[in-house]
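K.L.:
Quick look at the structure:
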C-alpha cells in the first residue's frame with residue numbers, strides 16, 4: 001500500500017484501486033509485448049454500435065524523431081514531465097460513423113472506454129499511464145495527417161512510475177499526496193438529481 | 202470460454218477479455234454491496250484535473266416508479282430488452298469545470314473512463330452491463346431535474362446475463378455471435394495516420 005493506493009469505502013478489484021497517474025517516470029523501457037497488450041486491451045472495449053471510434057498514434061523513445069513529434073503535440077506544461085516517459089501516445093476519435101458519416105455522440109465517451117481498458121491492463125502489468133487532455137489537436141493533425149472527421153483528444157504517457165524526487169518541486173507533491181475523490185453520495189443519485197441513491201446511503 | 206470470450210491476438214487480463222454486453226438478462230437481483238462496488242470503481246477512475254465530471258442516476262426494479270422513469274429515458278428499441286434488467290442507470294456528464302465554468306473537453310471521455318471501471322468491476326463480480334447511447338437526454342433532464350450544465354449521455358443495464366432464447370428473434374443472434382474487432386494494425390499507428398506502428402506489426 002502506497003499513498004497512491006485508493007482508500008476505498010467499498011472493496012473493488014485491485015487493478016482498479018492501484019491505478020494512478022504519475023508525473024515521474026523511471027528510465028526503463030516498456031517491453032513490446034506489454035505495449036501490444038495495452039492496445040489489445042483497448043481493442044476489446046465496449047463501443048456504441050461496435051463502431052470502435054478510437055485510434056492511437058504511438059512512439060517510443062527508441063524512435064526519437066517520432067517521439068519528438070508526439071511530444072510537440074502536448075502543451076508545454078505537459079512536455080516538462082512527459083518527455084521522461086519511455087512511450088507517448090495520442091488518443092484519437094472519429095466523430096462520425098464510418099458507415100453513414102452521421103455524428104457519433106458516443107465517440108469521445110468510447111475513446112474513454114478504450115483508454116480505461118488500456119489503463120487497467122497497464123496496472124495489471126505494473127505499468128503506469130498518465131492520460132492528458134492538454135494537447136494541441138491541430139498540430140497533431142498537421143504532423144501526423146489525421147483526417148478531417150477524426151481528431152486527437154488525449155495523450156498518454158506510458159512507462160514505470162519513477163522517483164518523485166526527480167520532479168520539479170511544483171510537481172513533486174502531486175506524486176506523493178494521497179488520492180481524493182468525491183463521496184459516492186455526491187454523484188450516485190436516485191429519485192432525483194442531487195438526492196443520493198438508496199444504494200449508496 | 203463462451204463465444205463471448207474475446208479471441209485476443211495478445212493475452213490480456215481476464216476481466217477485460219470476459220466482458221461483453223448482453224441483451225438478455227436473468228431474473229436475478231443484484232446485491233446492494235455489488236452495486237455499491239460498481240460505483241466505487243467508477244469513483245476511482247482517472248479524470249482530467251481530477252474533475253470527476255460524471256454522475257449517475259440509478260434505479261432497481263424494487264423501486265418500480267423510479268425504474269419506470271429511467272426506462273422511459275431510453276429509445277424504444279432499447280426499452281424492449283432493457284426492461285428485463287434488474288438495475289438501470291443513466292450516465293451524466295458535467296460539460297464545464299465546477300471551479301470556473303469553462304468547457305471541459307474531457308467530460309464525455311472521462312465519463313467513459315468511469316464507466317470502463319464500472320464495467321471491469323462488474324465483470325470481476327460475474328455481473329454484466331450493457332451501455333447504451335440511445336437515450337432521450339431532454340426527457341432525463343425533465344424527469345430527474347438534471348441541471349443546465351450537465352447532460353445525460355448514456356444508460357447502463359446492469360445484471361446477470363440471461364438466456365438468449367428469451368429474446369425476440371431479432372436480438373437473439375447478437376447474444377450468441379462471436380465478438381469481432383478491428384485488427385490492431387488498423388488503429389495503432391506510428392509515423393503517420395494509417396501506417397501501423399512497429400509495436401503492432
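Residue numbers (this note's numbering), protein chains in the order written: chain H, 1 to 201; chain G, 202 to 402. Glycine included, every Cβ here is placed at the ideal spot set by N, Cα and C. Fair warning: this is a prediction, and the values are worked out from it, not measured in the lab.
Count the other C-beta atoms from every protein chain shown that fall within 10 angstroms of the C-beta of residue 102/H, then say buried if there are 16 or more, exposed otherwise.
P.N.:
What you label residue 102/H is simply residue 102 of the first chain in a count that begins at 1. Residue 102/H comes out exposed.
K.L.:
Grab me the residues of residue 242/G's own chain with a C-beta within less than 6 Å of its C-beta, minus the 5 sequence neighbours each way, in chain order.
P.N.:
For this step, residue 242/G is matched to residue 41 along the second chain. 318, 319 and 322.
K.L.:
Report yes if the C-beta distance between residue 294/G and residue 351/G is below 8 Å; otherwise report no.
P.N.:
As a first step, residue 294/G is located in the second chain; it is residue number 93 there, counting from the start. As a first step, residue 351/G is located in the second chain; it is residue number 150 there, counting from the start. Taking 8 Å as the Cβ cut-off, residue 294/G and residue 351/G qualify as a contacting pair.
K.L.:
Can you give the Cα-Cα distance for residue 52/H and residue 382/G, rounded to whole angstroms?
P.N.:
Here residue 52/H refers to the residue found at position 52 when the first chain is read from its first residue. Here residue 382/G refers to the residue found at position 181 when the second chain is read from its first residue. Rounded to the nearest whole angstrom, the C-alpha separation of residue 52/H and residue 382/G is 8 Å.
K.L.:
With 16 as the cutoff for other CB atoms within 10 Å, does residue 187/G come out buried or exposed?
P.N.:
Because chain G here runs from 202 to 402, residue 187/G falls outside it and cannot be looked at.
K.L.:
Run down chain G in chain order and give the residues with a C-beta less than 7 Å from the C-beta of residue 128/H.
P.N.:
Working through the first chain from its first residue, we reach residue 128/H at position 128. Below the 7 Å Cβ cutoff, chain G contributes no neighbours of residue 128/H, its closest Cβ being approximately 11 Å away.
K.L.:
In chain order, what residues of the same chain have a beta carbon less than 6 Å from the beta carbon of residue 84/H, not counting five sequence neighbours either side?
P.N.:
One-based indexing of the first chain puts residue 84/H at position 84. Only 25 meet the Cβ criterion.
K.L.:
Excluding sequence positions up to five away, which residues of its chain have a Cβ less than 8 Å from the Cβ of residue 148/H?
P.N.:
Your numbering for residue 148/H matches position 148 in the first chain. Closer than 8 Å at the Cβ level, and outside the excluded window around residue 148/H, lies no residue.
K.L.:
With a threshold of 8 Å between beta-carbons, can residue 210/G be considered close to chain H, or not?
P.N.:
The residue given as residue 210/G occupies position 9 in the second chain. Yes - at least one Cβ of chain H is within 8 Å of the one on residue 210/G.
K.L.:
If you draw a straight line from the alpha carbon of residue 49/H to that of residue 20/H, how long is it in whole angstroms?
P.N.:
As a position in the first chain, residue 49/H is number 49, starting the count at 1. As a position in the first chain, residue 20/H is number 20, starting the count at 1. When rounded, the distance between both Cα atoms is 30 Å.
K.L.:
Taking residue 212/G as the reference, give the member of 139/H, 35/H and 66/H with the closest Cα.
P.N.:
Translated into positions along the second chain, residue 212/G becomes position 11. Of the listed residues, the one whose Cα sits closest to residue 212/G is 35/H.
K.L.:
Taking the continuous alpha helix (DSSP H) assigned at residue 43/H, which residues delimit it?
P.N.:
Residue mapping note: residue 43/H aligns to position 43 of the first chain, counting from 1. From DSSP, the alpha helix (DSSP H) with residue 43/H extends over 32-43.
K.L.:
Cβ of residue 353/G within 8 Å of Cβ of residue 365/G?
P.N.:
Against the second chain, residue 353/G aligns to sequence position 152. Against the second chain, residue 365/G aligns to sequence position 164. No, Cβ-Cβ distance for residue 353/G and residue 365/G is not below 8 Å.
K.L.:
Give the DSSP bridge partners of residue 87/H, in chain order.
P.N.:
Working through the first chain from its first residue, we reach residue 87/H at position 87. Paired residue(s): 60/H and 158/H.
K.L.:
Rounded to a whole number of angstroms, what is the C-alpha to C-alpha distance between residue 343/G and residue 234/G?
P.N.:
Within the second chain, numbered from 1, the residue matching residue 343/G stands at position 142. Within the second chain, numbered from 1, the residue matching residue 234/G stands at position 33. If I take the Cα positions, the gap works out to 30 Å.
K.L.:
Suppose you measure from the CA of residue 39/H to the CA of residue 144/H; what does that come to, to the nearest Å?
P.N.:
Sequence index remark: in the first chain, residue 39/H carries index 39 (1-based). Sequence index remark: in the first chain, residue 144/H carries index 144 (1-based). Whole-angstrom Cα-Cα distance: 19 Å.
K.L.:
Which residues in the same chain have their Cβ closer than 8 Å to the Cβ of residue 123/H, if we skip the five residues on either side of it in sequence?
P.N.:
Counting from one through the first chain, the residue named residue 123/H turns up at place 123. These residues qualify, in order along the chain: 15, 16, 18 and 19.
K.L.:
With a CB to CB cut of under 6 Å and the five nearest residues on each side skipped, what residues in its chain are close to residue 255/G?
P.N.:
One-based indexing of the second chain puts residue 255/G at position 54. For residue 255/G, where only same-chain residues beyond five positions count, the Cβ hits under 6 Å are 312 and 315.
K.L.:
In chain order, what residues of the region 212-234 of chain G put their CB closer than 9 Å to some CB of chain H?
P.N.:
212, 213, 214, 216, 217, 218, 220, 221, 222, 233 and 234
K.L.:
Among 305/G, 223/G and 379/G, which residue has its Cα nearest to the Cα of residue 204/G?
P.N.:
Your numbering for residue 204/G matches position 3 in the second chain. The candidate whose alpha carbon is nearest that of residue 204/G is 379/G.
K.L.:
Which chain H residues sit within Cβ distance under 7 Å of residue 318/G?
P.N.:
Counting from 1 along the second chain, the entry for residue 318/G is found at position 117. Within chain H, the residues near residue 318/G are 16 and 116.
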